[in-house]
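Report on the following structure.
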Amino acid sequence: MMGPFGASPRIRIVMILAASMNSNLFASIEDAVERLQRGDRNALAPIMENYQHRLYRFLLRLIQDPVVAEDIFQHTWLRVMEKIGSYDIRRNFDGWLFSVARNLAIDHLRKRRDSSLDANDDSGSAPIDRLSASGASPLEHLLEFERGAVLAAAISGLPLIHREILTLRFEEDMKLDEIADVVAIPISTVKSRLGRALESLRRRLERP
Amino acid sequence: MNIHASIRAMLPLAAADALDAEEMRQVEQHVRSCDECRRELDTWGVYTAGLQRLPQPSVPVHLIARTQEQVLREHEHSATLRSGSLMFSGLAIYAWVVNIALWGVARVVTGGKLCVLGTNLLSLETWLLVSFIVGGTTAVTAALALKHHGELGRNL
Numbered sequence: 000m001m002g003p004f005g006a007s008p009r010i011r012i013v014m015i016l017a018a019s020m021n022s023n024l025f026a027s028i029e030d031a032v033e034r035l036q037r038g039d040r041n042a043l044a045p046i047m048e049n050y051q052h053r054l055y056r057f058l059l060r061l062i063q064d065p066v067v068a069e070d071i072f073q074h075t076w077l078r079v080m081e082k083i084g085s086y087d088i089r090r091n092f093d094g095w096l097f098s099v100a101r102n103l104a105i106d107h108l109r110k111r112r113d114s115s116l117d118a119n120d121d122s123g124s125a126p127i128d129r130l131s132a133s134g135a136s137p138l139e140h141l142l143e144f145e146r147g148a149v150l151a152a153a154i155s156g157l158p159l160i161h162r163e164i165l166t167l168r169f170e171e172d173m174k175l176d177e178i179a180d181v182v183a184i185p186i187s188t189v190k191s192r193l194g195r196a197l198e199s200l201r202r203r204l205e206r207p
Numbered sequence: 000m001n002i003h004a005s006i007r008a009m010l011p012l013a014a015a016d017a018l019d020a021e022e023m024r025q026v027e028q029h030v031r032s033c034d035e036c037r038r039e040l041d042t043w044g045v046y047t048a049g050l051q052r053l054p055q056p057s058v059p060v061h062l063i064a065r066t067q068e069q070v071l072r073e074h075e076h077s078a079t080l081r082s083g084s085l086m087f088s089g090l091a092i093y094a095w096v097v098n099i100a101l102w103g104v105a106r107v108v109t110g111g112k113l114c115v116l117g118t119n120l121l122s123l124e125t126w127l128l129v130s131f132i133v134g135g136t137t138a139v140t141a142a143l144a145l146k147h148h149g150e151l152g153r154n155l
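Just so you know, the sequences run in chain order A and B. Quick note: the first sequence, position 61, residue 60 per numbering that gives the first Met the number 0, numbers continuous. Quick note: the second sequence, position 79, residue 78 per numbering that gives the first Met the number 0, numbers continuous.
Quick look at the structure:
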């Protein structure tokens, strides 16, 4: 019988290869950012490819309109090219990139004005029992997509400040200090905002 | 606030792994002896697990290609503007050097006097005034012509 760390040699080789590929990827992205900062335009493609899914998803969660999210996505990269010279290489690039995107998204929403930045709490909801099944029964797996859709719909009804905090924490898997860097607020505020966002989400889902 | 209520308020953050070590220790200690809070923490755990498995949007086809194209176009446009500005600055400096040299030569050749309608064109003030008027008019005309040319180029 094999223990949790007693993987077969083949699996171990695959794990080592995966880990080295991952570290190579990170090294190359940092390298690409440095090259881009030195004026090498060819470095933009690997950076953009690396962040495309995360950035687009983040913008879509904030803006909630695919066409506008695309537009802001493009503007984000234009702004990156414009500002890369002033980017401090010691700073986390993820945080910098997401804060550039966030600022553009907020500017857009402010101009649009029909989307409040801090209030919106009355659209549709779904019963909690569609979400809270525990364990891993086949039914649980079958309902997973539906639950995800229910949850995504509930998130879309939250105010922007809650949507951004939830997506940064749970989808981008950012730590509190990284979120604070992106949103430009103190860590204590990130913490309280995260708590309020979760409570607000739960209220929406549990509403009959 | 009693300990039960304060721990209960921390449960969403505990499920979100957003508490510091000491707070987490307090929560863990409390839920060991409080069934209600343990159930509550489990429920929050379902939410946070769900948040990590939301349906993922797919990036629109060609978005990256379009963005790269736009970035390059913008970059080239800025480079053109920069080189245009450099060229204009160079030309302006060259024009002023030639102008001052010409003024010196004209003064030597004419002995410093070239009167038109009672005004000495070779006095420094008049020469500079005429130079500013002629140079400024030329620069504005050239800028308008280039702008028109640029708009034509973009429309074609």
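The C-beta atom is built at its ideal place from N, Cα and C for all residues, glycine as well. The model shown is predicted, which means the values in this text are computed figures rather than measured ones.
Would you verify that the beta carbon of residue i is, or is not, closer than 7 angstroms to some beta carbon of chain A?
i: isoleucine 63 of chain B; result: yes
i: threonine 66 of chain B; result: yes
i: alanine 105 of chain B; result: no
i: leucine 12 of chain B; result: yes
i: glutamate 73 of chain B; result: yes
i: glutamine 28 of chain B; result: no
i: glutamine 69 of chain B; result: yes
i: alanine 17 of chain B; result: yes
i: arginine 7 of chain B; result: no
Of all the CB atoms in chain B, is at least one closer than 7 angstroms to the CB of residue i?
i: aspartate 121 of chain A; result: Low confidence applies to aspartate 121 of chain A: its pLDDT is 41, below 50, so where it sits in the model is not reliable, and the reading given next is rough at best. Chain B contact via Cβ: absent.
i: leucine 103 of chain A; result: no
i: alanine 179 of chain A; result: no
i: glycine 84 of chain A; result: no
i: arginine 202 of chain A; result: no
i: glutamate 205 of chain A; result: no
i: serine 199 of chain A; result: no
i: lysine 190 of chain A; result: yes
i: alanine 148 of chain A; result: yes
i: glycine 156 of chain A; result: no
i: leucine 193 of chain A; result: yes
Within the continuous alpha helix (DSSP H) that includes residue i, where are the two ends?
i: arginine 72 of chain B; result: 62-109
i: serine 5 of chain B; result: 2-14
i: glutamate 22 of chain B; result: 20-32
i: leucine 121 of chain B; result: Premise fails: leucine 121 of chain B is in no alpha helix (DSSP H) and is neither H nor E.
i: isoleucine 88 of chain A; result: That residue, isoleucine 88 of chain A, is in no alpha helix (DSSP H); it is neither H nor E in DSSP.
i: glycine 194 of chain A; result: 186-205
i: aspartate 176 of chain A; result: 175-182
i: arginine 52 of chain B; result: First-last for arginine 52 of chain B: undefined, no H or E at that position.
i: glycine 163 of chain A; result: One point to set straight first is that residue 163 of chain A is glutamate, not glycine, in the sequence displayed. First-last of the alpha helix (DSSP H) with glutamate 163 of chain A: 159-165.
Note down, in chain order, every chain C residue with its Cβ under 8 angstroms from the Cβ of residue i.
i: alanine 151 of chain A; result: Looking at the structure shown, chain C is missing, and the protein chains on hand are A and B.
Below 8 angstroms, how does it come out for the stretch 57-71 of chain B and the stretch 157-174 of chain A: are there three or more Cβ pairs, yes or no?
Short answer: they don't touch.
Residues of the stretch 46-59 of chain B whose Cβ lies closer than 7 angstroms to any Cβ of chain A, in chain order:
Among the residues of the stretch 46-59 of chain B, those with a Cβ less than 7 angstroms away from any Cβ of chain A are Tyr46, Thr47, Gly49, Leu50, Gln51, Arg52, Leu53, Pro54, Gln55, Pro56, Val58, Pro59, in the order of the chain.
Looking at chain B, which residues of the stretch 27-59 of chain A have a Cβ within less than 8 angstroms of any of its Cβ atoms?
Here the close residues are Arg40, Leu43, Ala44, Met47, Glu48, Gln51, His52, Tyr55, Arg56, Leu59.
Given 8 angstroms, three or more beta-carbon pairs between the stretch 27-36 of chain A and the stretch 83-94 of chain A
Using a C-beta cut-off of 8 angstroms, the stretch 27-36 of chain A makes contact with the stretch 83-94 of chain A, since at least three inter-stretch Cβ pairs fall below that distance.
Tell me which residues of the stretch 159-177 of chain A have at least one Cβ-Cβ distance to chain B shorter than 7 angstroms, keeping chain order.
Listed by position along the chain: Leu165, Arg168, Phe169, Glu170, Leu175.
Validate contact between the stretch 78-93 of chain B and the stretch 50-64 of chain A using beta carbons, cut 8 angstroms, 3 pairs:
No contact exists between the stretch 78-93 of chain B and the stretch 50-64 of chain A.
Given 8 angstroms, three or more beta-carbon pairs between the stretch 40-47 of chain A and the stretch 33-49 of chain B
Taking 8 angstroms as the limit for Cβ pairs, the verdict is that the stretch 33-49 of chain B does not touch the stretch 40-47 of chain A.
Tell me, please, whether the stretch 109-125 of chain B touches the stretch 134-150 of chain B by the rule of three or more beta-carbon pairs shorter than 8 angstroms.
With a cut-off of 8 angstroms on Cβ pairs, the stretch 109-125 of chain B is not in contact with the stretch 134-150 of chain B, counting fewer than three such pairs.
The stretch 57-65 of chain B / the stretch 66-78 of chain A touching (three or more Cβ pairs under 8 angstroms):
Note that the stretch 57-65 of chain B touches the stretch 66-78 of chain A; at least 3 beta-carbon pairs, one per stretch, sit closer than 8 angstroms.
Are three or more beta carbon pairs between the stretch 71-81 of chain A and the stretch 157-167 of chain A nearer than 8 angstroms?
Fewer than three beta-carbon pairs drawn from the stretch 71-81 of chain A and the stretch 157-167 of chain A are found closer than 8 angstroms, and the two stretches are therefore not classed as touching.
Got a sec: which bits of the stretch 65-76 of chain A sit with their beta carbon under 8 angstroms from any beta carbon on chain B, in order along the chain?
Of all residues in the stretch 65-76 of chain A, only Pro65, Glu69, Phe72, Gln73, Trp76 come within less than 8 angstroms of chain B when Cβ atoms are compared, listed by chain position.
Curious, which full-length beta strand (DSSP E) runs of at least 3 residues does the stretch 38-107 of chain A contain?
The qualifying runs do not exist here; there are none.
The stretch 188-206 of chain A in contact with the stretch 23-32 of chain B per 3-pair CB rule at 8 angstroms
When C-beta atoms of the stretch 188-206 of chain A are compared with those of the stretch 23-32 of chain B, fewer than three pairs fall below 8 angstroms, so the two segments do not count as touching.
Can you find at least 3 beta carbon pairs, one from the stretch 41-56 of chain B and one from the stretch 14-22 of chain B, that sit closer than 8 angstroms?
Yes, the stretch 41-56 of chain B is in contact with the stretch 14-22 of chain B.
Mind the definition here: the stretch 93-102 of chain A touches the stretch 180-191 of chain A only if three or more C-beta pairs lie below 8 angstroms; say whether that holds.
Yes, the stretch 93-102 of chain A touches the stretch 180-191 of chain A.
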